[in-house]
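If you count the sequence shown from 1, position 377 lands on 377 in full-length UniProt numbering, and the numbers rise without skipping.
A virtual CB, placed ideally from N, CA and C, is assigned to each residue, including glycine.
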Amino acid sequence: MYLRLLMSRKSLLKPLLVILLYLGWVLYFSQAPVSVNPHFHNDVPITDIRIVKCCRLIPFSSCSTGKGWERLDKDVYLGTKWFNRAFIAFRRQKSDKESFIDQIRVSRIEPRGDGWIAAQSSDAQLWTKRTDRAGLANAITAIDLLFGADAVEVRQNWELAPTNSLYSANLHLSGGNLGRCRDVEEDQQNTCEADPQTLEFVARVLDAELPDLVVLTGDQVNGETSPDVQSALFKFAEPLIARSIPYVTIFGNHDDEGNLSRAEQMGIIEKLPFSLSQAGPASVDGVGNYIQTITNHNASLHFYFLDAHKYSPDESHYPGYAWLKESQISWFSEEAQSHSVAKDLNVVFIHIPLPEYRAHSRMVVGGVNLEPSTAPTYNSGALKAFAAANVSLVVAGHDHANDACLLESSYDQEVWLCYGGGSGLGGYMGKGAGARKLRIFEFDLTEMNIRTWKRLEYGDMGRVDVVDLLHKGKVVT
C-alpha cells in the first residue's frame with residue numbers, strides 16, 4: 001500500500017518526500033491551519049500520536065480512541081485489508097512542562113539518528129522525535145493522510161514526512177516446558193530451546209510479512225511432551241494476539257496426545273482474541289470442519305478447513321493414517337455449492353495429505369519433497385470432490401521434510417497440492433531437510449492470482465522459492 005503522512009507546522013518548511021513500500025501502497029503524513037483542516041489548533045501542538053487497530057470479524061473490537069484523543073477518519077489500509085482497519089489518533093495537552101512532537105517517521109525499523117521513540121508497534125510503525133517549548137515553532141500542529149504514489153500536497157505550511165515501506169504447519173509446541181529440540185545443527189544441540197526459538201522464528205516472519213490471516217494446520221501442540229496443553233495453546237496464540245492478527249486452526253495427529261481432547265482444545269481456542277476457529281457441525285466427522293469467506297468487489301475467496309483425523313480405523317486393510325470421511329466430503333460439497341460461483345477462488349486446508357500427494361509423476365515447484373508422503377492408503381475421493389467444486393489449491397502439513405507444491409491433473413480441473421514443511425524445532429526434520437520454514441500465500445482477488453513463497457528460520461532471511469500458482473484464474477505451468 002502506498003500512503004503518505006502529511007504534517008503541518010506553524011512555520012513554512014521546505015517539502016521533503018520519501019516513499020514507503022507498505023503492502024503495495026505509499027503513506028504520506030501531513031501537517032495545516034484550521035481553515036484547511038478541522039483537526040488543526042494553532043496554539044496547541046500535538047503531544048502524542050498512535051495507530052488504533054480493530055478487526056471487523058471480532059465482536060466488540062473497536063477502533064475508538066478514548067477520551068482526549070482525536071482520530072483521522074481515514075482507514076490507513078483504505079479498505080484493502082480483509083479483516084482489519086486502522087486509524088491514526090493523536091492528542092494535544094496544554095502544559096508548560098509538556099514536550100511536543102516535531103518529527104514523525106513511518107518505518108518497521110528505527111530511523112537513523114538519535115532520539116527516535118516508537119509511538120506504537122503496528123503494521124506502519126510510527127516513530128517520533130520530541131521538542132520542548134524552546135522548539136515550539138517547529139512542533140507539529142496537525143496531521144492528515146493522503147493515498148497514492150502520485151499524491152501531492154497543495155496546502156501551505158504542510159510538509160511531506162519521510163516514510164519506509166501465513167501459513168504455519170507443525171509447530172510442535174509443548175505445554176509445561178520449553179520443549180525438546182530435534183534434528184538441529186550440531187552447534188545448537190546443547191543450547192537449543194525448542195519453543196522459545198520456534199516462537200522467535202514465527203514472530204520474525206509475522207513482522208516481515210504482516211499477514212491478514214494466519215492458518216495453523218495441525219500439530220501446533222506436541223501432545224506427548226505437553227502435560228498442560230492449554231499452556232501450549234496460549235504459546236502459539238500470543239504472538240498473533242499481540243499483533244492483532246486473526247487466525248484459524250485445525251488439528252493434527254499429535255495435538256490431542258496430551259491432557260485435552262480436540263473438542264476441549266477447540267472450546268478454548270474459539271474464545272481466544274482474534275481466533276476465527278470453529279468446531280464445525282456436530283453431524284460431521286471430526287472437530288474443525290468449517291469455512292471462512294473473504295469477499296471484495298470482484299470475487300470471493302473461500303477457505304475450507306477439514307479435520308484429517310489421526311490413524312487408520314482399519315489398520316489391517318488400510319495401514320497408516322486416516323482419511324477424510326464421507327460426511328466431511330458431503331458437507332464440503334454442499335457448502336461449496338451454496339457459497340461458491342465460477343469466478344471465486346477456493347482453497348482447502350488439511351493436516352494429513354491426500355493420497356494424490358503420493359504420486360511421483362507430478363510437476364513439482366517451490367521446494368523439494370525429501371520424504372515419502374504419509375498420505376492414507378485408502379482414497380475416499382476427497383480430491384475428486386474438491387476439483388469438481390473448482391478448488392485451485394489444497395494445503396497440507398504433517399510431512400515435515402516436504403515443502404514443495406505438486407500439480408494434480410487427473411480430475412475435472414488442475415489442482416495445486418502444496419506442503420508447508422516443518423516450522424517447529426520440537427518436531428523432526430530429517431537429514432538434509434535444512435532450516436525450519438513457514439509458507440506464505442498471497443491471494444489477489446482482483447487479478448485472480450495466487451503466489452506463494454517461504455521464509456526460513458536461518459540462512460536466507462528473504463523470501464525463498466517464490467512461485468506463481470495461479471494467474472488470472474488459470475493454473476501456471
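Asked, Found
"Cut-off 6 Å between Cβ atoms - residues of its own chain near GLU185, not counting five sequence neighbours on either side", "none"
"Rounded Cβ spacing between residue 551 and GLU200 (contact assumed at less than 8 Å)", "The requested residue 551 is not part of the displayed model; the chain covers only 1 to 477."
"DSSP bridge partner residues for THR249 (one or two, in chain order)", "LEU216"
"For ALA32, three-class secondary structure by DSSP", "Reliability of the predicted coordinates at ALA32 is poor, the pLDDT of 40 falling under 50, and no value is obtained from them."
"For VAL287 and ALA263, the rounded distance between their alpha carbons", "6 Å"
"Reduced DSSP secondary structure (H/G/I, E/B, other) of residue 490", "Since the first and last residues shown for the chain are 1 and 477, residue 490 lies out of range."
"Residues that DSSP places opposite residue 493 in a beta bridge", "An answer regarding residue 493 cannot be provided, because it is not within the stretch 1 to 477 covered by the chain."
"At least 3 beta-carbon pairs within less than 8 Å: the segment 212 to 222 vs the segment 232 to 252", "yes"
"Cα-Cα separation, GLY320 to TYR378", "9 Å"
"Other residues of its chain near LEU178: CB distance less than 7 Å, five sequence neighbours each side excluded", "GLU193, ALA194, ASP195 and PRO196"
"Residue span of the alpha helix (DSSP H) that contains ILE269, given as start and end", "262 to 269"
"Alpha-carbon spacing of SER261 relative to GLY175, whole angstroms", "14 Å"
"Pairwise C-alpha distance: ILE329 and PHE274", "28 Å"
"LEU145 vs LYS53 beta-carbon contact at 9 Å", "no"
"LYS474 versus ALA279 - alpha carbon distance", "33 Å"
"Same chain, Cβ closer than 8 Å to ARG358, neighbours up to 5 away in sequence not counted", "PRO372, SER373 and ALA375"
"Simplified DSSP state of LEU21, which is helix, strand or coil", "Residue placement at LEU21 is flagged as unreliable, the pLDDT there being 21, under the threshold of 50; the coordinate-derived value follows with that caveat. If DSSP states are grouped into helix, strand and coil, LEU21 belongs with coil."
"8 Å contact criterion, which ALA435 and TYR419 should meet: CB distance rounded", "Not really, about 15 Å apart at Cβ, beyond 8 Å."
"ARG243 versus ALA385 - alpha carbon distance", "36 Å"
"Beta carbon of ILE101 nearer than 9 Å to that of LYS81", "no"
"Reference VAL229, options ARG180, ILE241 and ILE268, closest by Cα", "ILE268"
"Beta-carbon contacts of ILE294 that lie in its chain and below 6 Å, excluding the five residues immediately before and after", "TRP82 and LEU301"
"Own chain residues within Cβ distance below 6 Å of GLU257, not counting five before or after", "GLY223 and GLU224"
"Identity of the residue in ARG50, ASN253 and HIS471 nearest ARG105 by Cα", "ARG50"
"Contact check, LEU438 vs ARG451, beta carbons under 9 Å", "no"
"Burial state of MET429, where buried means 16 or more other Cβ atoms lie within 10 Å", "buried"
"Burial state of ARG92 (16 or more Cβ within 10 Å)", "buried"
"ALA388 versus VAL368, SER410 and ALA396, residue with shortest Cα-Cα distance", "SER410"
"GLN292 - DSSP class collapsed to helix/strand/coil", "strand"
"Length-filtered (3 minimum) beta strand (DSSP E) runs lying within the segment 327 to 370", "345 to 349 and 363 to 365"
"Whole-angstrom distance between ALA322 and HIS309, CA atom to CA atom", "6 Å"
"At least three beta-carbon pairs within less than 8 Å, the segment 344 to 359 to the segment 393 to 401", "yes"
"Proximity to PRO447 [Cα-Cα], best of ALA89, ASP344, ASP207 and PHE90", "Note that residue 447 is Glu in the sequence shown here, rather than Pro. When only C-alpha atoms are compared, the closest one is ASP344."
"Which listed residue (GLY422, GLY426 and GLY367) has its alpha carbon closest to that of VAL464", "GLY367"
"Test item: CB-CB of ARG362 and LEU306 under 9 Å", "no"
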